[in-house]
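Here the sequence shown is numbered in our numbering, starting from 1009 and rising by one per residue. The next block holds one structure in the form of structure tokens; read it before the comments.
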Amino acid sequence: MSTDAAAAEAPARPDAAATGRRWVLHIDMDAFFASAEQLTRPTLRGRPVLVGGAGQRGVVAGASYEARVYGARSAMPMHQARRLIGVSAVVVPPRGAVYSVLSAQVFDTLRSRVPVLETLSFDEAFAEPAELAGADVTGVEEYCARLRALVHERTGLTASIGAGTGKQLAKIGSGLAKPDGMRVISPAEQGTLLAGLPVRKLWGIGPVAESRLRSLGIETVGAFAALPESEAASILGGSVGAALHRLARGIDDRPVAERAEAKQISAENTYERDIVTMTDLRSAIAAMAAAAHRRLDRDGRAARTVVLKLKKSDMGIVTRSFTLPYATADAATLAAAAQRSAIDPAELGPVRLVGVGYGGLSLVRQESLFPELDQAVPADATLEQTTEPEPAEPAPNTPAGHWFPGVDVRHPEFGHGWVQGAGYGVVTVRFETRSTGPGPARTFPADDPDLTRADPLASLA
């Protein structure tokens, strides 16, 4: 082996000023939902993409960096984001199945290098690679660069990575690195960096705590850290105040560990028009129960508790739950339990959001001895559904002639595509997948029998 090669294989020499006793990484996928759409629909690359509901009450679930230039961001009302961007905005509905598969690919890639990941969501996780213990900044940067390159090679997506001596600094680092970058915060600089940050950047400081601190003239992390710990505890509460004060001083010993499985699987939707009749509420509950069940089915567990969530037009929230005598994954049984908890809007008041959640999750399933009783629903729940929710994922059986932007379709001649626009009896489809590059657009009669709904996962081909 040459001298240069041997040097490349040798571990980096720790630098007394830049070495951390531990290194925590925060891996955060860049604009994950929008990036997934741009990956699988190449025509959208470089364009301002908004993922979310297109109705009056639609909310942005994800915004591409091209959209963020205009000020659009996640959790913003969709009508506001569209107004900021203008006519160039592209709005597509979320495709949970696609994001779930890509998320699994990302985490599988990371686990091939880092066995233990603490996942926070679809698109971010903490890691603490054992081989980085005692490494210097250069060694950590090289490791992060290799990890980012591997994620991009295997998934086609970009990740930003932050690294520091604890979780908070790692998360701050990934925020500074975005988009498509990395930022390693050395022990030598962490004090200065933390001190200049707004106090809201401190993990656990929300609007109420921020307001309380600002009223006392404490606006930066450094100012908070300068307080005696007893005073911090007095302002924000005993254990919480003391813990936040430690974080402000750069002391963060929280371990990186695999997270427990989700305790509840749910689906909810905010409706463009308030629900004011029991018939429409029954329809909405059925739709959300079915959506939650699709997620439960992917999860592979059974549920014993069914929770119905109703948000009224005055923003008040009512929840009711029904517990079965056993855990089941039967869709009809779970949907019937959700329907039993319904409250007539005539009594409750107009409803703007409906959610159904499944809890008491278990890998053990037990079939009912009396399914006809468990699956029975109130008499009025058998009424025909008349309210169409603004779907998180389009309904699986779109009638001929009823198309809307973002739906995945297939044509026997042109293959897989997605609806770019529809109306006046015609539908325009862009035929492309992840591997094709920008594809051709074709226009068809809306009721063309050759145009059928397709599995969104086919866009990953």
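C-beta: ideal position from N, C-alpha, C; glycine also.
Contact check, residue i vs residue j, beta carbons under 9 Å
i     : j     : result
L1221 : L1047 : no
R1030 : E1136 : yes
K1271 : L1369 : yes
V1314 : A1295 : no
R1450 : F1422 : yes
P1464 : A1105 : yes
I1273 : G1365 : yes
L1184 : R1191 : yes
V1417 : L1459 : yes
R1438 : G1447 : yes
H1410 : A1339 : no
S1362 : E1276 : Sequence check: residue 1362 is Val here, not Ser. Yes, the Cβ-Cβ distance between V1362 and E1276 is below 9 Å.
R1267 : L1128 : yes
L1052 : V1122 : no
P1187 : A1039 : yes
H1301 : L1252 : no
T1278 : G1414 : no
H1419 : A1466 : no
G1212 : V1248 : yes
V1434 : F1412 : no
T1173 : D1260 : yes
Three-state secondary structure (DSSP) of residue i
i     : result
S1120 : coil
H1253 : helix
G1429 : strand
R1302 : helix
P1102 : coil
Y1366 : strand
P1353 : helix
E1126 : strand
R1222 : helix
A1340 : helix
D1456 : coil
A989  : Not covered by the structure: residue 989. The range shown for the chain is 1009 to 1469.
G1204 : coil
E1132 : strand
G1423 : strand
R1154 : helix
D1382 : Annotation note: pLDDT 45 at D1382 (below 50); position unreliable, coordinate value reported separately. If DSSP states are grouped into helix, strand and coil, D1382 belongs with the helices.
T1051 : helix
A1311 : strand
P1402 : For P1402, the predicted model reports a pLDDT of 45, less than 50, meaning its position is unreliable; a value from the coordinates is still stated below. The answer is coil: DSSP assigns P1402 none of H, G, I, E or B.
G1070 : strand
W1035 : In the sequence under discussion, the amino acid at residue 1035 is Ile, which differs from the Trp named in the question. Strand at I1035.
R1091 : helix
R1328 : strand
A1234 : coil
P1446 : coil
V1145 : helix
V1216 : helix
L1210 : coil
P1085 : strand
V1077 : coil
Cβ separation of residue i and residue j, assumed to be a contact under 8 Å, to the nearest whole Å
i     : j     : result
V1057 : P1102 : Actually they do not touch by this definition, with Cβ atoms about 12 Å apart.
R1049 : S1096 : In fact, because the Cβ distance is near 16 Å, the residues do not count as touching under 8 Å.
S1194 : S1182 : No, S1194 and S1182 are not in contact; Cβ-Cβ is about 16 Å, not under 8 Å.
A1062 : M1086 : 6 Å
V1148 : A1171 : 5 Å
S1108 : R1254 : About 36 Å; that fails the 8 Å criterion.
T1239 : P1206 : Reading the sequence as shown, one finds Glu at residue 1239 and not Thr. Incorrect: roughly 20 Å between the Cβ atoms, too far for contact.
L1110 : A1044 : 5 Å
V1159 : V1264 : With 8 Å as the limit, V1159 and V1264 do not qualify as a contact, their Cβ atoms being about 18 Å apart.
L1304 : A1344 : With 8 Å as the limit, L1304 and A1344 do not qualify as a contact, their Cβ atoms being about 15 Å apart.
A1250 : A1256 : The Cβ separation is near 11 Å, so there is no contact.
Contact test: residue i Cβ vs the ligand PLP heavy atom, cutoff 8 Å
i     : result
H1424 : The ligand PLP is absent from the structure shown, which contains no ligands of any kind.
Segments of 4+ residues assigned as alpha helix (DSSP H) that fall wholly inside the stretch 1159–1198: 1175–1185
Cβ pair count under 8 Å reaching 3, the stretch 1030–1038 against the stretch 1168–1184: By the Cβ criterion, the stretch 1030–1038 is in contact with the stretch 1168–1184, since at least three pairs of Cβ atoms, one from each stretch, lie closer than 8 Å.
Touching by the beta-carbon criterion (3+ pairs, under 8 Å), the stretch 1304–1311 and the stretch 1281–1296: no
Three-pair Cβ contact test at 8 Å for the stretch 1345–1358 versus the stretch 1321–1331: yes
Three or more C-beta pairs below 8 Å linking the stretch 1423–1433 and the stretch 1111–1125: no
Cβ contact (3+ pairs, closer than 8 Å) linking the stretch 1358–1365 and the stretch 1273–1285: yes
Stretch pair the stretch 1145–1157 + the stretch 1070–1080: three plus CB contacts closer than 8 Å: no
Runs of beta strand (DSSP E) lying entirely within the stretch 1259–1301, each at least 3 residues, in chain order: 1272–1283
The stretch 1231–1247 touching the stretch 1089–1102, judged by at least three CB pairs closer than 8 Å: no
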